[in-house]
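Some notes on the structure that comes next.
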Amino acid sequence: MQAALRRPPDVPETTRFAPSPSGRLHLGHALAAMTAARLAQGSGGRFLLRIEDIDTTRCRPEFVAGIIEDLAWLGLRWEQPVLQQSTRLADYRAALAALAARGLAYPCFCTRADIAAEIAAMPAAPQGPEGPLYPGTCRNLPAGQRQQRLAAGEPHAWRLDAGACAAALGGRELWFEETGRGPAGEAGRQNVAPSACGDIVLGRRDVGVSYHLAVVLDDHLQGVTLVTRGEDLFAATPVQRLLQAVLGLDPPRYHHHRLLRDASGRRLAKRDRDLEIAALRARGLTPAAVLALAQGD
Numbered sequence: 083m084q085a086a087l088r089r090p091p092d093v094p095e096t097t098r099f100a101p102s103p104s105g106r107l108h109l110g111h112a113l114a115a116m117t118a119a120r121l122a123q124g125s126g127g128r129f130l131l132r133i134e135d136i137d138t139t140r141c142r143p144e145f146v147a148g149i150i151e152d153l154a155w156l157g158l159r160w161e162q163p164v165l166q167q168s169t170r171l172a173d174y175r176a177a178l179a180a181l182a183a184r185g186l187a188y189p190c191f192c193t194r195a196d197i198a199a200e201i202a203a204m205p206a207a208p209q210g211p212e213g214p215l216y217p218g219t220c221r222n223l224p225a226g227q228r229q230q231r232l233a234a235g236e237p238h239a240w241r242l243d244a245g246a247c248a249a250a251l252g253g254r255e256l257w258f259e260e261t262g263r264g265p266a267g268e269a270g271r272q273n274v275a276p277s278a279c280g281d282i283v284l285g286r287r288d289v290g291v292s293y294h295l296a297v298v299l300d301d302h303l304q305g306v307t308l309v310t311r312g313e314d315l316f317a318a319t320p321v322q323r324l325l326q327a328v329l330g331l332d333p334p335r336y337h338h339h340r341l342l343r344d345a346s347g348r349r350l351a352k353r354d355r356d357l358e359i360a361a362l363r364a365r366g367l368t369p370a371a372v373l374a375l376a377q378g379d
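First residue of the sequence shown: 83, per the numbering used here; consecutive thereafter.
Listed below in structure tokens is the structure:
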């Protein structure tokens, strides 16, 4: 229930660090992991490690081992077992099927080129926080046509029907609590408008389920009460809050933090090999020195 967002300050928090094993951890990951661990341990709560490896085209087992090695070297400790999303694919598919059965998700046969062309032809394309929203081309396809195209094996994705979700919620208020700061200084109660979320992709052929669906299911399963992550993911929070509402999941609170950036202002990414934790370690830095760098000390 929405009221569950308000928690007494002395209640232990459950946080998680959830990297994708598509490369080695860098200094920005150290900040993210340290933030999650600090907020959990400071409340006498639980700090979890989750491996978000649903993208099998990019994720590799050796990077999973590297993540665990780097975090252990930094002195971080987490509750066992470590959840790997690749073990939960059947659960994600079941949740997607349930949304489709309720009329809250639909198959989309558009290619990226189709979508770009339709948006370009619109006099005023609907906009979301991350750019133009899907124009809804396949939303109202006749049921018979949908079934015929699915039966023929036509490539497709599954999209959330944001309008149907809003109707299912019956006009109920939707919001989340921000205990950190968003990219524009957002803090406190943040209202969510389902229509602004757009009909996001929930699953596709190359990656069976989207990050958004997997993450809300896993946060619920693991009892996460405070989601900590970089401010670049602040814009993803409204649609995740919408998914929690239509799936009947208890919502966590959110704590977004600053990103580490290079001298040009570009945020650190896995391409920044010289700032990988393993590289810093090889240069002779201690765990304390790496954590101090991550904090900006």
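We put the beta carbon where it would ideally sit given N, CA and C, even for glycine.
- If only uninterrupted alpha helix (DSSP H) runs of at least 4 residues are considered, those enclosed by the segment 101–170 are 109–124, 143–155.
- Per DSSP, the unbroken alpha helix (DSSP H) holding residue 375 starts and ends at 369–377.
- When 276, 156, 361 are compared, the shortest CA-CA separation from residue 318 is found for 276.
- Considering only 323, 188, 311, 229, the residue with the shortest C-alpha distance to residue 256 is 323.
- The way I'd put it, the segment 149–160 does touch the segment 100–120; three or more beta-carbon pairs between them come closer than 8 Å.
- The continuous beta strand (DSSP E) containing residue 337 extends over residues 335–339.
- Every alpha helix (DSSP H) stretch that sits fully inside the segment 283–310 and reaches 4 residues is listed by chain position as 293–303.
- The distance from the Cβ of residue 313 to that of residue 287 is about 31 Å, inconsistent with a contact at the 8 Å cut-off.
- Distance from the CA atom of residue 279 to the CA atom of residue 223, rounded to whole angstroms, is 21 Å.
- Going by beta carbons, residue 307 and residue 333 fall outside the 7 Å limit.
- Pairing residue 201 with residue 214 gives a Cβ-Cβ distance under 7 Å.
- Here the alpha carbon of residue 250 sits roughly 11 Å from the alpha carbon of residue 243.
- Inside the segment 183–242, DSSP marks whole alpha helix (DSSP H) runs of 4 or more residues at positions 194–203, 225–233, from first to last along the chain.
- Residue range 244–250 is occupied by the alpha helix (DSSP H) that includes residue 245.
- Residue environment analysis places residue 204 among the exposed positions, since fewer than 16 neighbouring C-beta atoms fall within 10 angstroms of its C-beta.
- Nearest C-alpha to residue 180 among 220, 241, 157: 241.
- Per the coordinates, the alpha-carbon of residue 252 lies some 18 Å from the alpha-carbon of residue 182.
- Per DSSP, reduced to three states, the secondary structure at residue 358 is strand.
- Where residue 98 is concerned, the enclosing beta strand (DSSP E) starts and stops at 96–99.
- The C-alpha of residue 365 is placed about 34 Å away from the C-alpha of residue 264.
- In the structure shown, the three-state DSSP call for residue 343 is strand.
- Assignment of residue 313 by DSSP, reduced to helix, strand and coil, places it in the helix class.
- Per the coordinates, the alpha-carbon of residue 268 lies some 42 Å from the alpha-carbon of residue 232.
- Residue 289 is not a Cβ neighbour of residue 186, given a cutoff of 7 Å.
- If you compare the alpha carbons of 305, 330, 362, 297 with that of residue 135, the shortest gap goes to 297.
- In the DSSP assignment, the residues bridged to residue 271 are 259.
- Within its own chain, no residue has a Cβ closer than 6 Å to the Cβ of residue 368 once the five positions on either side in sequence are excluded.
- Sixteen is the threshold: since fewer than 16 other Cβ atoms of the shown chains lie within 10 Å of the Cβ of residue 144, the residue is exposed.
- Only buried fits residue 110, as 16 or more other CB atoms lie within 10 angstroms of its CB.
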